[in-house]
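Everything on this sheet refers to the single structure shown next.
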Amino acid sequence: MKNFTKELKVITIILLSFLLIIIGKTSFASDQYKKSVAVINIGAQGLKIEMPLLTSLVTLELERLNIYEVIDKYDVINHMKKNNVKLDMSYGKTDLIQIGELMNVDKVLSGSAEKYGNKIIIVFRLIDIKSKKIEKVDVMEYLDQEEDIQLMVRISIHNIFGIENDANVVDMLSNINLPLSNTKNRVNLSGPRFGLTTTTGNVGKRLQSPKSEGGYDMFPINSLFGYQFEIQYVAAGDFQALFEVIPALNALESGYIIPSLSLINGFRFNKYGFEFGIGPVFRLAKKAEGFYDEDGNWNLKSDFVEPPTDVYYVSQVDSRGHIELSTGLIIAAGYTFKSGHLNFPINVYISPRKDGTTIGLICGFNIARSKKIETKK
């Protein structure tokens, strides 16, 4: 009985080993007889990318699928040279079939990517060499976002071979009727701001006056530190309409903290980098009632036991007064310098008032972040 059990185990092991060998050979044979495809002449017109690089990109995406044995581009070039075939002159169906026969491949993939207005149109043709027929054609219209050309190629390749794409990615790149979702026309410059300001007129004089006279003893030019928050509410083509909120602290180098809040309706032209805006500005400042005498000197009303009645009293900036909310208008214009993913906006602004105009220069920076998008495999 024991001998029978041992023999049964040996037989079982032999059978399992034999089965594994068969499975392995079957798998190997399956890989060995994988159909072959050559990528030939993916044309590029009106794009920065050229035909050789675009052909390599299509070859790479086809290799990612791992459903065909993709012929290396250098093998294609060498084979054509040996047979005196000019690749740059071979675009028609007959020429492509001839190339496929010379290379002894099952399929040939060719096509083009061309820019038409605000669209990039990608066309792929899969030719079956044995039947000498075009097996499948795929035509896709994409938004003019050449920086996403690899994703576009991937989507079109998937279409040719019946592989499902991520619908959201397809809509984002191919829906011409959805300009608001176009990442190309959206630039967000939210980020820190810093700069210099100066104030002219009577307000400027009061800010620079000694503290003994109710001034602030400030420098003629003061610092500004803040942060810009922005929300886009309209985008069409290269145009954006924005709502910007900029809280800031001023005059820190003079030993003061003067807060301000600007609410700006802005307009940005992304293609050229220019923008301008207009809106209200709110500041907190100490003010007091007084008048200017004939020599232009400031006199505080509360300094007089019996204030004169034959003068014109105004509310003016004075460190001896009470904190009040001051409002004004701000008009700004700027230009954004770009280096890679770094944005460097520079803006000038003016806040006009009868008793003193404020002029400023503001700089900032931020890093453009793009969401990584992957299509389903």
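Note that the numbering used here has the sequence shown beginning at 1297, numbered continuously upward. Cβ coordinates follow ideal geometry from the N, Cα and C atoms, glycine included. For clarity, every value in this text was computed on a predicted model and none was experimentally measured.
Thr1632 places its beta carbon less than 9 angstroms from that of Pro1641. Around the Cβ of Gln1524, a 10 Å sphere holds 16 or more other Cβ atoms; the residue is buried.
In the DSSP assignment, Met1448 falls outside any beta strand (DSSP E) and lies within the alpha helix (DSSP H) extending over 1445–1456.
Its chain contains Glu1437, Tyr1438, Leu1439, Asp1440, Ile1472 as the residues whose beta carbon lies nearer than 8 angstroms to that of Lys1415, once the 5 sequence neighbours on both sides are disregarded; these appear in chain order.
Note that the C-beta distance between Lys1344 and Glu1442 is below 9 angstroms.
By the neighbour-count definition (other C-beta atoms within 10 Å, threshold 16), Ala1581 is a buried residue. With respect to Ser1486, Asn1662 sits close: the two C-beta atoms are nearer than 9 angstroms.
The beta carbon of Ile1363 lies closer than 7 angstroms to those of Phe1457 in the same chain, with the five residues before and after it left out. Val1401: not part of any beta strand (DSSP E); DSSP gives it neither H nor E. His1375: member of the alpha helix (DSSP H) spanning 1369–1378, first to last residue. CA-CA distance, Ser1332 to Asp1391, rounds to 18 angstroms. Pairing Ile1627 with Ile1418, the inter-Cα distance amounts to about 45 angstroms. Membership of Leu1358 in the alpha helix (DSSP H) is indicated by the continuous run 1347–1361. Secondary structure at Asn1464: helix, using DSSP grouped into helix, strand and coil. Every unbroken stretch of the beta strand (DSSP E) spanning 3 or more residues and falling wholly within the stretch 1477–1565 is given here in chain order: 1487–1495, 1517–1532, 1535–1546, 1554–1565. In this structure, the straight-line span from the alpha carbon of Lys1330 to that of Glu1365 is close to 6 angstroms. Take Ile1554, set aside five residues on each side of it, and the residues of its chain with a beta-carbon closer than 6 angstroms to its own are Asn1546, Ala1547, in chain order. If one requires a minimum length of 3 residues, the beta strand (DSSP E) runs lying completely within the stretch 1607–1669 are 1610–1613, 1618–1635, 1638–1647, 1654–1660, in chain order. In the structure shown, the three-state DSSP call for Leu1422 is strand. According to DSSP, Leu1580 shares a beta bridge with Leu1621.
In this structure, Asn1484 is the residue among Leu1503, Gln1504, Asn1484 with its C-alpha nearest to the C-alpha of Leu1638. Comparing alpha-carbon positions, the option among Ala1584, Gly1491, Gln1536, Val1613 lying closest to Glu1526 turns out to be Gln1536. Using a Cβ distance threshold of 9 angstroms, Leu1358 and Val1335 count as a contacting pair.
According to the DSSP assignment, Ser1427 belongs to no beta strand (DSSP E), since it is labelled neither H nor E.
Per the coordinates, the alpha-carbon of Ser1427 lies some 35 angstroms from the alpha-carbon of Asp1467. In chain order, Leu1503, Ser1550, Tyr1552, Ser1615 place their CB closer than 7 angstroms to the CB of Tyr1512, counting only its own chain and leaving out the 5 sequence neighbours on each side.
Residue Ser1408 holds the alpha-carbon nearest to the alpha-carbon of Gln1341 among Met1376, Ile1459, Asn1374, Ser1408.
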